[in-house]
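Note that full-length UniProt numbering numbers the sequence shown so that position 519 is 519, with each residue one more than the last. Even glycine gets a Cβ: it sits at the ideal position worked out from N, Cα and C.
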Amino acid sequence: MNDQELFDILNEDFGVVLKRRGLVDVTLMENWWSHKLHMIYQGTTIKDPTPSRADSNGELRGFSWLMVALVTALDQCLTSRELNDLIVKLMVTLLDRNDAEDVQESLRMNIQTNIESWRSTGVVRMMKGPVTYAMRDCRSKLQLTPAIPQLNSAERTELYSFLKWLMAGTSYRISLVSATLYSVAVALERVGIRISLDKCDQATEGDIDVHYLDAEGGKKGLMDAIGWETEVSGASGESGTVPPARVAYPSGDPKQIIETFPCSLKIKNEIRKYWFRGEEAGKKVTLVAVARVKLTGIKYIINDYDECTSNWSGRLTDLSSEHFPVDSEDLMVALCSLMDDLSDDNRDWLYKAAKLDGGINDLDNHFTTEQMGAFLRFQALVFGYWYSLLDPWVSRDYLEGETYFYGVWGYRDTYLLVLLRTAATQFRLALEHPIEGLDRERMLSVLSTMFAGRAKDRPERPKKQKPILTHGMVAILDKVSIVSMSLLRISNDAQQHARFAIVSLPIIPIMPNSDGEVWTGDGSGILSQSCAHPSQHPTREQPKQKWSVHPKMTTSGGRISDVVVLMVRCGGVAVGTMNPAEADAVLLRAQENASSHLCKFPGGLRVELGPSPSFLHTFEHHFQDGTICRAMRRGEIVIVHSYGSPIMRYAAAGFYAEEKHVVFACPDQAEAVQKLMAQKCGLPVSCGFGTIID
């Protein structure tokens, strides 16, 4: 729905909402932003010289340009729900109609589409970068940190008053108390909205001026004015439980969130020290992706770590087992150092508080400065460790400019601690049970909380999805998106497909469900037949055509669904669609089996090939014709000739896996055949045949 359609539903004109004339110079905005349009298509960032239009008249109106700028800026300091509620409340107020309840209901039903349009317009037209820079620089000057905290209730009230004044006010000057809100005004001015900043004496007639009060009141007056509590009682100013706090931070520097805590410089320095201790401990632990059981998805497990060489107290190992994936030497030394720095009373208190049942996030509970300092140091140790551990699993190749990430953790907020404790449990289970581990859905949840500001527990599989573990979640799309690498780029290394990309641009044509989640499903597959020309002497043939894969949303009942598959092309010919989650799992199993000296298969099943196996060949023209070879009799082995083409190899893994073949992929064809013959075992399928993807 474009903006004109929204106002047609309301039976109103744009001028009823945007009453202040001259606030937006449409010609200026078109000249500045219309020639810039960036997005990701088929894994590549593209620049389209023909921008999309949000308005049926072929251009963005002044109202639309203002909303694009506002949403781009407010995304840095409000959650999506808070932003939605704010815009609905603001428009109901500005429309000022007798049927306000009906208008509010209509807006709640329709406005989300427009907000998404304003958000994506700001991203693809490259407005997000200048907005982020402006807010970062402003907060760095005013608050000495580039981190951008989520607005609290008092600041949201001030924001509502500011926007009402900006769009429909009659006065020409306003004073703002919140440093974050003032940084929003700076960003609006930077991208072309016609306001001036602290220039009242120099302003010309008709100009509107935004003034920052801290220049007169000082920092203490500022903190009191916007309703911050003292460091003992928390940062909310409201009774009840602290909600998950989302803070924007510069890419690669999550510890900047510490600077937003309402505590002394001395305590912040101690917090940073233990963040670094956690980072160093996390660097000595490595993860690996596995898929050890057929028809299960990817699991992440601990592969290597610095094992303990000293004896540690039961209390320390209890802390470690609750919040960390393994007991490592560097970690235990850091925990011991933290506890040694505390008094006996505070040490006992922290042992209880770290179990997260001590009411840290309950604002009705009051704690001393020393107690909160101890907890914040422990929290920093945990987060420094996990950011260091998981950072190698995220790629920043798809970011435009200096993107801000979002972390859901703050002062007295235990949301991320609880989430990481669950992840630690899954990693520890895998140390004892090889089929356990952290699955891709849970990994996505953790990463989206740490890097994309998403506060949601375990993802829920769509009801229409089959309960098959390889039909899993592969992306979470939001202002900053976390996307499985196999949707963007295919690699020779199966481990790379289990990594994730942090993406700041729209990905065409992926569309998430209402929760921002993208799930996989069954592809169309490809027709298969028995090969008529077996060969006793397999020879290698490299593919000559260009292969490509790209995401495609499936259709159901003539409508586009929210399930993604990969469309495979060979030499420009559409071969079919496949489930990327299944291909990822197949290749991970194959990679692990290929490194083994024994022929291992799930369940221990073995099938005799006999002394003279028959080799059947699948070449790329079979994919183009839709007739890939398939072994039907005992002792037959299909060899897929994909050597030198990672994409063809990946596609073959997906197509054969979806047809219930077990794929044994090996980069060395001769070695794969020798393994099968020497061990006298085939692949564990009912017909006693096997498939080797070269």
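Beta-carbon gap between residue i and residue j smaller than 7 Å
| i | j | result |
| --- | --- | --- |
| V518 | I510 | yes |
| W409 | L419 | no |
| L444 | M485 | no |
| V586 | A653 | yes |
| I507 | G626 | no |
| V88 | L107 | yes |
| A424 | F324 | yes |
| P580 | S645 | no |
| K19 | A147 | no |
| L381 | A334 | yes |
| A353 | I360 | yes |
| I301 | V290 | yes |
| V124 | L37 | yes |
| C138 | V191 | no |
Residue i versus residue j - alpha carbon distance
| i | j | result |
| --- | --- | --- |
| D99 | A73 | 31 Å |
| residue 697 | Q495 | Look at the range of the chain in this structure, 1 to 694, and you will see that residue 697 is not part of it. |
| V575 | L86 | 47 Å |
| V288 | K299 | 8 Å |
| R454 | S395 | 18 Å |
| G572 | P551 | 16 Å |
| S264 | Y411 | 13 Å |
| K141 | D318 | 43 Å |
| E5 | G401 | 33 Å |
| G129 | S310 | 49 Å |
| Q426 | L438 | 5 Å |
| A374 | Y182 | 33 Å |
| S491 | K284 | 26 Å |
| G610 | P512 | The predicted position of G610 is uncertain, since its pLDDT is 47 and thus under 50; a value taken from the coordinates is nonetheless stated next. So the alpha carbons of these two residues sit roughly 49 Å apart. |
| A248 | E101 | 34 Å |
| F383 | L390 | 11 Å |
| W33 | V177 | 30 Å |
| I267 | S514 | 41 Å |
| W393 | R442 | 14 Å |
| G10 | M91 | Before going on, a small fix: residue 10 reads as Leu here, not Gly. Between L10 and M91, the C-alpha separation is close to 11 Å. |
| F451 | S80 | 16 Å |
| H622 | E12 | 59 Å |
| C336 | M39 | 48 Å |
| S548 | M632 | 29 Å |
| G218 | S175 | Only weak support is given to the placement of G218: the predicted model assigns it a pLDDT of 44, under 50, and the value that follows is read from those uncertain coordinates. Near 14 Å, if we compare the C-alpha coordinates of S175 and G218. |
| N110 | I193 | 26 Å |
Neighbourhood of residue i by C-beta, 8 Å cutoff - its chain only, sequence neighbours within 5 removed
| i | result |
| --- | --- |
| D8 | none |
| L83 | V71, L74, D75 and I115 |
| D198 | D209, V210, H211, Y212 and A215 |
| T555 | S561 |
| L624 | It is worth fixing the name first, because residue 624 is Gln in this sequence and not Leu. The residues are Q545, C570, G571, V573 and V575. |
| T618 | C531, I628, C629, V638, I639, V640, H641 and A652 |
| V564 | V474, A475, L487, I510, V518, W519, T520, G521, P551, K552, M553, T554 and P580 |
| R292 | K299, P434, I435, R589, E592 and P602 |
| L95 | L10, E12, V16, V17 and V103 |
Residue i: CB within 6 Å of a non-hydrogen atom of the ligand NAD
| i | result |
| --- | --- |
| L566 | The ligand NAD is not among the ligands present in this structure, which contains no ligands whatsoever. |
Burial state of residue i, where buried means 16 or more other Cβ atoms lie within 10 Å
| i | result |
| --- | --- |
| P434 | exposed |
| T170 | exposed |
| T145 | buried |
| D348 | exposed |
| N365 | exposed |
| R315 | exposed |
| M29 | buried |
| I482 | buried |
| E158 | buried |
| G282 | buried |
Residues near residue i by beta carbon distance below 7 Å, same chain, minus five either side
| i | result |
| --- | --- |
| R377 | E270, I271, Y274 and L338 |
| E280 | D330 |
| D256 | As written in the sequence, residue 256 is Gln, which differs from the Asp given in the question. Closer than 7 Å at Cβ, skipping near neighbours: T145, P146, A147, Y249 and P250. |
Contact set for residue i: own chain, Cβ-Cβ below 6 Å, skip 5 residues either direction
| i | result |
| --- | --- |
| D66 | It is Leu, not Asp, that sits at residue 66 in the sequence shown. So the qualifying residues of the chain are V24. |
| V68 | W118, T121 and G122 |
| L477 | P512 and G516 |
| L342 | A374 |
| Y650 | I490 and A583 |
Minimum Cβ-Cβ distance from residue i to chain C less than 7 Å
| i | result |
| --- | --- |
| A430 | Checking the listed chains, one finds no chain C in this structure; it contains a single protein chain. |
Rounded Cβ spacing between residue i and residue j (contact assumed at less than 8 Å)
| i | j | result |
| --- | --- | --- |
| I637 | F615 | 5 Å |
| R61 | V26 | 7 Å |
| E541 | A657 | In fact, because the Cβ distance is near 22 Å, the residues do not count as touching under 8 Å. |
| T403 | V480 | 7 Å |
| R246 | Y406 | 5 Å |
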